[in-house]
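In our numbering, the protein residues as written are 488 to 589.
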């Protein structure tokens, strides 16, 4: 019975970790960031505009942050609208960034 209890407590932690994974999209200009914000919000995606993290770039611009599970849909929308993504990162629950291909 202890095994079942242990697994039950581990599952919410795993789900919580998945919920904390974020995609961070870097675009070519602030104009594109604002355009992407409007496009993605109009499609019902939850996004935030954040300063570009120093761990990623020394640029002082803005980036688009969204839940990892919305990344595929967001990239599809950007492709439909011919908006190139300069860089794509995933931020894990510890705040560590890993670069991915857009």
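Even glycine gets a Cβ: it sits at the ideal position worked out from N, Cα and C.
Cβ neighbours of residue i in the same chain (closer than 6 angstroms, five flanking residues each side left out)
| i | result |
| --- | --- |
| residue 552 | 509, 511, 535 and 537 |
| residue 522 | none |
Cβ-Cβ distance between residue i and residue j below 9 angstroms
| i | j | result |
| --- | --- | --- |
| residue 589 | residue 577 | no |
| residue 520 | residue 550 | yes |
| residue 546 | residue 575 | no |
| residue 570 | residue 532 | no |
First through last residue of the alpha helix (DSSP H) which encompasses residue i
| i | result |
| --- | --- |
| residue 522 | 517-529 |
| residue 550 | Unbroken run through residue 550 is the beta strand (DSSP E), 549-554; no alpha helix (DSSP H). |
| residue 563 | 558-567 |
Own chain, CB closer than 7 angstroms to residue i, minus 5 neighbours either side, in chain order
| i | result |
| --- | --- |
| residue 524 | 534, 536 and 551 |
| residue 585 | 576 and 577 |
| residue 559 | none |
Counterpart residues of residue i in DSSP-defined beta bridges
| i | result |
| --- | --- |
| residue 537 | 550 |
Segment limits, beta strand (DSSP E) that includes residue i
| i | result |
| --- | --- |
| residue 577 | 574-578 |
| residue 587 | 584-587 |
| residue 510 | 509-513 |
8 angstroms CB neighbourhood of residue i in its chain, flanking five on each side removed
| i | result |
| --- | --- |
| residue 517 | 548 and 549 |
| residue 515 | 571 and 573 |
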